[in-house]
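Q: Here you go, one structure.
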Amino acid sequence: MTRFRRSFSAGARGSLIVLLLLFFSFNADGFSGAAVGELGNFLPRGAKIIQVISDARFDLDDDLEYLVLYSLRDRFGLILLDRGNNRRYSVIFQKNLGDGNPKTEGRAGFGDTAYTYRILQNADLDRDGVLEFWTVFQPADSPFAEMTMYKFWNQHFSQMFSVRASYDLQFFDYRGKLVIHEVNGPERGEVTLQSKIWDPRTNKLEVVDTSYRMTQKEYLAFARSRRRPCLFSSAGATGDGILDQDIEYCWGESLNILQEIPQGEKAISALLPENAFLLEMVSDPAFNPYIEESYVLTYQVPDKTNSRRVLLLAALATWDFENARSQLPPLPFPAYGLARDPEGNLYKSIYILPGNAFNHLALLGNGERLSSLKLVILNNNGLFFEEAAVFNSSFHLQFIERFSFVDFGYHYEVITADRDSNKVNIKKWQAVPEGVYDEIGRFELVSEESYQSAREYKSVYYRVEEPVWLREGYEQLIFRSFHRPRLTPFAGGIPEPDFGGRLDEYIFKYMTPLRIHQWVFWEDREGSEEALLLLRTGQAFWPPAYSLGFLYRHEDGISLDTFGPSSLVVGDGNPLSGVYLVDITGDGRCELLILSREYDLQAGKNWLHLSIMEKQGQKWRRIHDRDIQYDDLRLYTIGDEIWLFGYLRGEPGVVENAVYPFIWEDGRFNYQQKAVVDNFSLYLEGLPEEKTDLLGEEFLLFPGLPGGRRLEIDAFSAPAEPEENDFIPLQ
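So, in structure tokens, the structure goes:
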């Protein structure tokens, strides 16, 4: 926009076409034939269903509700049905919208914007778990379109506000601020824009006092851009009625879903060559500053120079407002089919890299040589995508994002692995986001390594396809493979139990579907392979929760058992929550010490739990009867004895702080004399200096470095019995 004139209006002809979100939903799963018949019983005879949204979030229970937009001749209405405990529907909301414009069937088409909005839209705008919904409706014989918002308030849906406009009515989320732009006109070639801000928590609609006039061309530039001047606040305004040149710009996401602009695969497939096969398509609003939604896609076409090869190409599909059609400009990414990992899994080809305001791209395919991999990273400079880096590898390639808690910064890392006879040679490259839009900077070579075998390389560098949390931060493998649906190892079923290869090869193959984050493996004295696994259990991003798995081979194949806490958070506190490998019993075999913290809602604090697990054959059992639960605890070897010190924090004026010491004797912890203390740390400082902390990092099994480790001996088997002819000295 080149210029604005603002005028102070005492109640500009407002209009609003506020919120419209979600999608047109004729849900095949939640909308069976029986359900359609039942819903139809609540509509006027002869009514036509235009839109149905089925969702359980229209109230606080878990049952589905159905929000129906229907028409009878030219009259439109809304009805919200709830299926109660008796499995019958009841009407919990009903609204008559009136007669709609017969030319547009009630949809609002605005001025020269090429926008036609869907009538019914919904979203959880206040983030309380219950959906709001709103209509953008064009009444018959009215130049104004109306936007009306409904919200679940005091146990029922009520109308919050209604706005209207004649030229355009936009509803935008400016990073949490919900703004309605009412645009009226044109008058003398100019339109008038007035903004209102809705707070969904207080249900107040604040009218911004300042209105703006601009030409239709200037408004179109404003309407099609996500990066907009902040017209709905006083920032940038000057006393002479002209906007300051340093006006604040902000990024917004449209909440009104469009009806007219073609979307999805049907809109894109018509732009592809006749012999093309659409492989993947990703939608993202942060590829282009001028449109609400654009697509990146990869597709395959035969190679004209070699009939036995297939080209993998990429393109960016955007909407051309001038010509009212989609465009398909190509991206600089020629490849030769999908890439595979060394286990034979196919990788996805498109990856979104988050930036500041604009997102960037990574594209993965097969190189010119069979089984090679090619990675192309493209930076979005706001005008087009430009090549930032290209990597090729003949054996394996990884693209990792790393975040550090030390400086709260992150960087990208690329690892290329190439085979040289039996050896695997790798190179590590690093780059940090930089520039206005957090573009990926120049990749620098930071190290080169060589491994004697592919198995050795995999044990160090194979990663699960989800975030791996470490003590100093997290790392996340960006690449994703087309794995079968995620398995549930805790239900007892694992893939390919008759697998004939080594146990670590089984881990490499099924790491992602089994959600294996770290592991150790060994061979028992009979030569059979066994492994301890750290398995992710919860779906929550933070904190990550794990369970212990025991993977072993037996006569009938491979089995996976889980044991220990069902939701173990590792790497937390001091000493670290996790799994330790220690010989507590003194019989030459190691036990697992599982240290975990669990919040007690009733007590209002975290308890520190210690479980000691012993391996008996192919099962694990706890070797102590009583729960070991304290506010804090330590475990030391002092001389030839093992001591446990448990600390309980008292209540001022009621119970004093106390330490409870135990010594390990005869297969159990035996209680000694309680000590009343002021400070647990000072008490520990008074212990003998010559002691070994059994909860120190040298005994820590999980969490450890990502990947796998091999125990050179079977630490869980009893020492071998001496041969009969061995000389045993007299004591």
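Per our numbering, residue 9 is the first one in the sequence shown, and the count goes up by one each step. Where is the CB? At the ideal position from N, CA and C, for every residue including glycine. Given the structure is predicted, the values throughout are model-derived calculations rather than measurements.
Among residues of its own chain, excluding the 5 on either side of Asp580, which ones have a beta-carbon nearer than 7 angstroms to its beta-carbon?
A: By one-based count along the sequence shown, residue 580 stands at place 572. Counting only Cβ-Cβ distances below 7 angstroms, and skipping sequence neighbours, we find Arg605.
Q: Can you tell me the Cα-Cα spacing of Ile448 and Val472, whole angstroms?
A: On the sequence shown, residue 448 is found 440 positions in, with the first residue counted as 1. On the sequence shown, residue 472 is found 464 positions in, with the first residue counted as 1. Roughly 24 angstroms between the two C-alpha positions.
Q: Once the 5 residues before and after Pro737 are set aside, which same chain residues still bring their CB inside 6 angstroms of it?
A: Taking the sequence shown and counting its residues from 1, the one referred to as residue 737 is at position 729. For Pro737, the predicted model reports a pLDDT of 38, less than 50, meaning its position is unreliable; a value from the coordinates is still stated below. No residues qualify anywhere along the chain.
Q: Please list, in chain order, all residues of the same chain as Glu732 whose beta carbon is under 8 angstroms from its beta carbon, the five residues on each side excluded.
A: Counting from 1 along the sequence shown, the entry for residue 732 is found at position 724. In this predicted model, Glu732 has a pLDDT of only 48, less than 50, meaning its place in the structure is not dependable enough to derive any value.
Q: Going by C-alpha to C-alpha distance, which of Asp132, Gly48, Met157, Phe118 sits closest to Pro151?
A: Locating residue 151 in the sequence shown gives position 143, where the first residue counts as 1. Pro151 has its Cα closest to that of Phe118, out of Asp132, Gly48, Met157, Phe118.
Q: Which word fits Gly352, buried or exposed, when buried means at least 16 other C-beta atoms lie within 10 angstroms of its C-beta?
A: Counting from one through the sequence shown, the residue named residue 352 turns up at place 344. Classification of Gly352: exposed, given that the 10 Å Cβ count is below 16.
Q: Given Pro194, which residues of its chain have a CB within under 8 angstroms of its CB, disregarding the five upstream and five downstream residues?
A: Residue 194 sits at position 186 when you count from the first residue of the sequence shown. Within the same chain, Pro194 has close Cβ partners Gly119, Tyr175, Gln224.
Q: Can you give the beta carbon distance from Trp672 to Ile650, rounded, assuming they're within the 8 angstroms contact cut?
A: Here residue 672 refers to the residue found at position 664 of the sequence shown. Here residue 650 refers to the residue found at position 642 of the sequence shown. Cβ atoms of Trp672 and Ile650 come within 8 angstroms of each other, at about 4 angstroms.
Q: Can you tell me whether DSSP reads Arg65 as helix, strand or coil?
A: Residue mapping note: residue 65 aligns to position 57 of the sequence shown, counting from 1. It is helical.
Q: From Ala43 to Asp90, what distance separates their C-alpha atoms?
A: As a working mapping, residue 43 is identified with position 35 in the sequence shown. As a working mapping, residue 90 is identified with position 82 in the sequence shown. At Ala43, the pLDDT of 44 sits below 50, so the modelled position is not reliable; the number obtained from the coordinates is stated separately. C-alpha separation (whole angstroms): 12 angstroms.
Q: Can you name the start and end residues of the alpha helix (DSSP H) that Pro521 belongs to?
A: For the purposes of this step, residue 521 is taken as the residue at position 513 of the sequence shown. 511-522 is the span of the alpha helix (DSSP H), which, as asked, contains Pro521.
Q: Just the C-alpha distance for Arg235 and Phe393, rounded to the nearest angstrom, thanks.
A: Your numbering for residue 235 matches position 227 in the sequence shown. Your numbering for residue 393 matches position 385 in the sequence shown. Computed Cα separation, rounded: 18 angstroms.
Q: On a CA-only basis, which of Val663, Ile646, Ala278 is nearest Glu698? Give me that one, please.
A: Taking the sequence shown and counting its residues from 1, the one referred to as residue 698 is at position 690. Selected option, being the one with the closest Cα: Ile646.
Q: Check whether the region 507-520 and the region 580-590 touch, using three or more Cβ-Cβ pairs below 8 angstroms as the test.
A: no
Q: In the DSSP assignment, what residue or residues form a beta bridge with Trp628?
A: Within the sequence shown, numbered from 1, the residue matching residue 628 stands at position 620. DSSP, once it has assigned bridges, lists Lys623 as partnering Trp628.
Q: From the DSSP output, in three-state form, read off Ile721 for me.
A: Position 713 of the sequence shown, counted from the start, is the residue given in the question as residue 721. Coil at Ile721, not helix or strand.
Q: For Lys517, is the classification buried or exposed, using 16 other Cβ atoms within 10 angstroms of its Cβ as the cut-off for buried?
A: Here the question's residue 517 lines up with position 509 in the sequence shown. Buried: at least 16 other Cβ atoms inside 10 Å.
Q: Check whether the region 254-261 touches the region 206-216, taking contact to mean three or more Cβ pairs, one atom from each stretch, closer than 8 angstroms.
A: Result no; under three Cβ-Cβ pairs closer than 8 angstroms.
Q: Straight-line CA distance for Asp37 to Tyr445?
A: Reading the sequence shown from its first residue, position 29 is the one you call residue 37. Reading the sequence shown from its first residue, position 437 is the one you call residue 445. Since pLDDT at Asp37 reaches only 32, below the 50 mark, its modelled position is unreliable, and the value read off the structure follows with that caveat. So the alpha carbons of these two residues sit roughly 41 angstroms apart.
Q: Should Val414 be labelled buried (16 or more other beta-carbon atoms within 10 Å of its own) or exposed?
A: As a working mapping, residue 414 is identified with position 406 in the sequence shown. That one is exposed.
Q: Between which two residues does the beta strand (DSSP E) harbouring Tyr420 extend?
A: As a first step, residue 420 must be located in the sequence shown, where it is residue number 412. That run of the beta strand (DSSP E) goes 418-428.
Q: Just curious, the alpha helix (DSSP H) that Phe688 is in, first and last residue?
A: Residue numbering aside, residue 688 sits at position 680 when the sequence shown is read from its first letter. Here the alpha helix (DSSP H) through Phe688 covers 688-693.
Q: Cutting at 7 angstroms between CB atoms, please list the residues of its own chain near Thr424, excluding the five before and the five after it.
A: Sequence index remark: in the sequence shown, residue 424 carries index 416 (1-based). If we look at Thr424 and ignore the five residues flanking it on each side, its Cβ neighbours are Phe399, Ser401, Leu405, Ile434, Lys435.
Q: Mind the definition here: the region 550-564 touches the region 677-691 only if three or more C-beta pairs lie below 8 angstroms; say whether that holds.
A: No: the two stretches stay apart, fewer than three of their Cβ pairs being nearer than 8 angstroms.
Q: What are the complete beta strand (DSSP E) segments, minimum 3 residues, inside the region 111-180?
A: 116-118, 123-125, 128-131, 140-145, 153-161, 164-173
Q: How should Glu538 be labelled, buried or exposed, when 16 other C-beta atoms within 10 angstroms of its C-beta is the threshold for buried?
A: The residue given as residue 538 occupies position 530 in the sequence shown. It is buried - the Cβ of Glu538 has at least 16 other Cβ atoms within 10 Å.
Q: Tell me the DSSP secondary structure of Tyr344 in three-state form.
A: Here residue 344 is taken as the residue at index 336 of the sequence shown, counted from 1. Here Tyr344 carries a coil assignment [DSSP, helix/strand/coil].
Q: Can you list, in chain order, the residues of its chain whose CB lies under 7 angstroms from that of Leu28, leaving out five sequence neighbours each side?
A: In the sequence shown, counting from the first residue as 1, residue 28 sits at position 20. Residue placement at Leu28 cannot be trusted, given a pLDDT of 27 that sits under 50; what the coordinates show is reported in the next sentence. Excluding positions up to five away in sequence, the list reads Tyr125, Arg126, Gln129, Trp142, Val144, Phe179, Leu263, Asn264, Ile265.
Q: Could you please give the first and the last residue of the uninterrupted beta strand (DSSP E) stretch that includes Glu395?
A: Residue numbering aside, residue 395 sits at position 387 when the sequence shown is read from its first letter. Per DSSP, Glu395 belongs to the beta strand (DSSP E) from 393-401.
Q: Over what stretch of residues does the beta strand (DSSP E) that includes Gln484 continue unbroken?
A: To locate residue 484, count along the sequence shown from 1; it is residue 476. Its beta strand (DSSP E) spans residues 481-485.
Q: If you draw a straight line from the alpha carbon of Ser233 to that of Pro338, how long is it in whole angstroms?
A: Taking the sequence shown and counting its residues from 1, the one referred to as residue 233 is at position 225. Taking the sequence shown and counting its residues from 1, the one referred to as residue 338 is at position 330. For Ser233 and Pro338, the distance between alpha carbons rounds to 22 angstroms.
Q: Inspect the beta-carbon positions of Leu601 and Leu702 and report whether they are closer than 9 angstroms.
A: Position 593 of the sequence shown, counting from 1, holds the residue named residue 601. Position 694 of the sequence shown, counting from 1, holds the residue named residue 702. Cβ atoms of Leu601 and Leu702: closer than 9 angstroms.
Q: Under 7 angstroms Cβ to Cβ from Glu73, same chain only, skipping five residues before and after it: list those, please.
A: Position 65 of the sequence shown, counting from 1, holds the residue named residue 73. So the list reads Asp63, Ala64, Phe66, Asp67, Leu88, Leu89, Asp90, once near-sequence residues are dropped.
Q: So if DSSP puts Cys258 in a beta bridge, which residue, or which two residues, is it bridged to?
A: Sequence index remark: in the sequence shown, residue 258 carries index 250 (1-based). Residue pairing of Cys258 in beta bridges, as defined by DSSP: Arg236.
Q: Using only alpha-carbon positions, find the residue among Val578, Trp527, Leu239 that is nearest to Tyr560.
A: Translated into positions along the sequence shown, residue 560 becomes position 552. Comparing Cα-Cα distances from Tyr560 to each of Val578, Trp527, Leu239, the minimum goes to Trp527.
Q: For Glu288, list the residues DSSP reports as bridge partners.
A: The residue labelled residue 288 in the question sits at position 280 within the sequence shown. Glu288 is bridged to Thr306.
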